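Okay, so here's the structure we're looking at.
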Amino acid sequence: MNKIEKREFSWMNPSLEIRDTNKYGKGVFAKEDIKKSEILTIFGGYVKTIIEEEKLDNAVSDEGIQISDKLCFGILQKEDLEGASFFNHNCNPNAGFKGQIFLVSMRKIKKDEEICFDYAMVLSKSKGAKFYKIKCGCGSTNCRKFVTDNDWKRKDLQDKYDGFFQWYLQEKIKNKK
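One rule links them: number in our numbering = place in the sequence shown (from 1) + 245.
What follows is the structure in structure tokens.
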């Protein structure tokens, strides 16, 4: 039987590459122009609870993609960092979610543009978990200054990102209407 080589958990579009952002570490950038609605990444990883993720080493405790009120998936150790680990937050994103694992372009993306999504598209407060709040330095004209796990509840963001939230959040929003 043929053996499959060890691969990364996630698939990243070959039109993307990791580069230094010259602001806040590494980021994912377009090597060429990308059309609207293109798949940028298919995320993968170990499924874990939000509480379990909080207990991981600081280098990876914020790397997971939340997929329900209690669960996320992602890596467990620093050695597993991969291309998909370097998508940064932006309050004016060019990427959003389709379903639970697909990150897609929300608009045309130009060559050399950093690929970012708004963490409000994936984060919600989990019972028993610490409140999530990070300072934002994205520099966009509509920067919120902070990102929290309650941002998805904002009507302005719900309208702006309709159809691009993680599936579980999109369902929560739909059921509240």
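The C-beta atom is built at its ideal place from N, Cα and C for all residues, glycine as well. It should be emphasised that the depicted structure is a prediction, and the values quoted were computed from it without experimental measurement.
Check: Taking the C-alpha atoms as reference points, what is the distance between C206 and K248?
Finding: Because the chain in this structure spans residues 246 to 422, residue 206 falls outside the shown range and cannot be described.
Check: To the nearest angstrom, how far is it from the Cα of M366 to the Cα of F288?
Finding: 14 Å
Item checked: Distance CB(K300)-CB(C317) smaller than 8 Å -> no
Checklist line | Own chain partners of K281 with C-beta closer than 8 Å, once the 5 adjacent residues on each side are dropped | finding: S350, M351, R352 and K353
Notebook entry, point to check: If L414 and S371 are in contact, beta carbons under 8 Å, what's the gap, nearest whole angstrom?
Noted result: Rounded, the Cβ-Cβ distance is 12 Å, inconsistent with contact.
Next item on the list: Would you identify the three-state DSSP class for A329, choosing helix, strand or coil?
Entry: helix
Item checked: Expected contact under 8 Å - CB spacing of K253 and E327 to nearest Å -> The identity of residue 253 in the sequence shown is Glu, whereas the question assumes Lys. Sure, about 4 Å apart at Cβ, within 8 Å.
Notebook entry, point to check: By Cβ distance, which residues of its chain are closer than 6 Å to R264, with the 5 residues on each side in sequence left out?
Noted result: F274
Note to self: Can you find the residues in the same chain that come closer than 7 Å, C-beta to C-beta, to N506, ignoring five residues on each side of it along the sequence?
What the structure shows: Any property of residue 506 remains undetermined from this structure, which presents the chain solely from 246 to 422.
Notebook entry, point to check: Nearest to G270 by CA position, among I310, S330 and C388, is which residue?
Noted result: S330
Notebook entry, point to check: How long is the line joining the alpha carbons of V392 and K375, rounded to whole angstroms?
Noted result: 14 Å
Check: Can you tell which of G408, K378, L261 and I312 has the C-alpha that lies nearest to the C-alpha of I346?
Finding: I312
Next item on the list: Could you please give the first and the last residue of the uninterrupted beta strand (DSSP E) stretch that includes Y413?
Entry: It is not in any beta strand (DSSP E) - Y413 instead sits in the alpha helix (DSSP H) that spans W412 to K421.
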